[in-house]
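Novice: Next up is a structure, given as structure tokens.
Numbering (my numbering), first residue to last: 1 to 231.
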């Protein structure tokens with residue numbers, strides 16, 4: 001049975017940019033012979049519960065950006081709490097905020113909302129940031145942040161702005177990572193490599209140096225065709 005990466009879509013236009021990147025990386029994992037090394041399944045955040053997702057036995061889960069707050073992110077918080085100890089999870093923007101909230105952190109309004117701002121991101125060089133220049137440039141679209149002072153002991157800051165604003169969190173024991181910025185944005189440098197690094201943490205055979213843009217041949221399976229919900 002082919003390995004799968006499940007994307008939880010928080011009703012956001014950026015979701016399919018993420019899906020394209022993941023699909024292109026799936027093609028590379030398949031050796032570039034027109035066969036994917038894993039499949040990408042997309043579910044809206046209100047179309048399945050954590051138990052149904054767990055039954056799919058995904059190799060990894062990506063929680064997308066989206067409007068609203070973690071409390072409005074459907075199954076997101078439940079997935080992090082239930083699958084986080086065993087399944088690699090990457091949260092992007094709202095998904096990142098869900099990770100902070102799931103473990104007891106405070107998500108609050110940022111001093112200044114940003115929409116399409118390119119910022120220098122500093123990081124610790126570990127896990128998803130392995131091999132990424134420090135700093136690198138990334139695009140931000142958000143009005144909420146995870147408050148650094150509220151982070152529980154089990155979460156560490158993995159990326160930040162020059163002023164200390166949290167741009168990434170990591171669970172100290174579980175394979176759970178969050179990024180406030182958008183790795184899928186065309187103006188984010190090394191975004192695809194960050195995604196490739198995450199997939200490698202999940203045991204998927206993706207080249208560490210993969211950094212090109214998404215391809216048109218992305219293998220994306222509509223979850224409705226699998227009889228387990230749908231987009």
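Where a beta carbon is used, it is the ideal one built from N, C-alpha and C, also for glycine.
Owing to the predicted nature of the structure, the values given are computational and were not obtained by experimental measurement.
Out of 52, 93, 55, which has the shortest C-alpha to C-alpha gap to residue 67?
Specialist: It is 93.
Novice: Apply the 10 Å Cβ neighbour rule to residue 224 and answer buried if 16 or more other Cβ atoms are within range, or exposed otherwise.
Specialist: Below a pLDDT of 50, predicted positions are generally treated as unreliable, and residue 224, at 36, falls in that range; no measurement from the model is reported.
Novice: Judging by CA-CA distance, which residue of 101, 25, 72, 38 is the nearest neighbour of residue 170?
Specialist: Nearest option by C-alpha distance: 101.
Novice: Who does residue 155 pair with in a DSSP beta bridge?
Specialist: According to DSSP, residue 155 bridges with 171.
Novice: How far does the beta strand (DSSP E) with residue 28 in it reach, from first residue to last?
Specialist: It is not in any beta strand (DSSP E) - residue 28 instead sits in the alpha helix (DSSP H) that spans 15 to 29.
Novice: Can you check DSSP and say which residues form a bridge with residue 43?
Specialist: The partner list for residue 43 (beta bridge, DSSP) reads 8.
Novice: Identify, in the order they occur along the chain, each residue of the same chain with its Cβ nearer than 6 angstroms to the Cβ of residue 305, setting aside the five sequence neighbours on each side.
Specialist: This structure cannot speak to residue 305, because the chain is shown only from 1 to 231.
Novice: Do the region 136 to 148 and the region 188 to 195 touch if we need at least three Cβ pairs shorter than 8 angstroms?
Specialist: The region 136 to 148, when compared against the region 188 to 195, does touch it at the 8 angstroms Cβ threshold.
Novice: Determine the direct distance from the alpha carbon of residue 1 to that of residue 97, and round the result to whole angstroms.
Specialist: When rounded, the distance between both Cα atoms is 32 angstroms.
Novice: Which value, in whole angstroms, describes the spacing of the CA atoms of residue 114 and residue 142?
Specialist: Going by the C-alpha atoms only, they are around 5 angstroms apart.
Novice: Quick one: is residue 73 buried, meaning 16 or more other Cβ sit within 10 Å of its Cβ, or exposed?
Specialist: By the 10 Å Cβ count, residue 73 comes out buried.
Novice: Quick check on residue 110: does DSSP put it in helix, strand or coil?
Specialist: Residue 110: strand per DSSP, three-state reduction.
Novice: Let me make sure I understand the geometry here. Which of 38, 9, 17 has the alpha-carbon closest to that of residue 206?
Specialist: Closest by alpha carbon: 38.
Novice: Leaving out five residues before and five after residue 18 in sequence, what residues of the same chain have Cβ atoms less than 7 angstroms from its Cβ?
Specialist: Answer for residue 18: 7, 62, 64, 92, 184, listed in chain order.
Novice: Which one of 29, 167, 180, 52 has the shortest CA to CA distance from residue 243?
Specialist: Given that the chain is displayed from residue 1 to residue 231, the structure contains no residue 243 and the question cannot be resolved.
Novice: Which residue from 89, 69, 76, 26 puts its Cα closest to that of residue 232?
Specialist: There is simply no residue 232 to check, as the chain begins at 1 and stops at 231 in what is shown.
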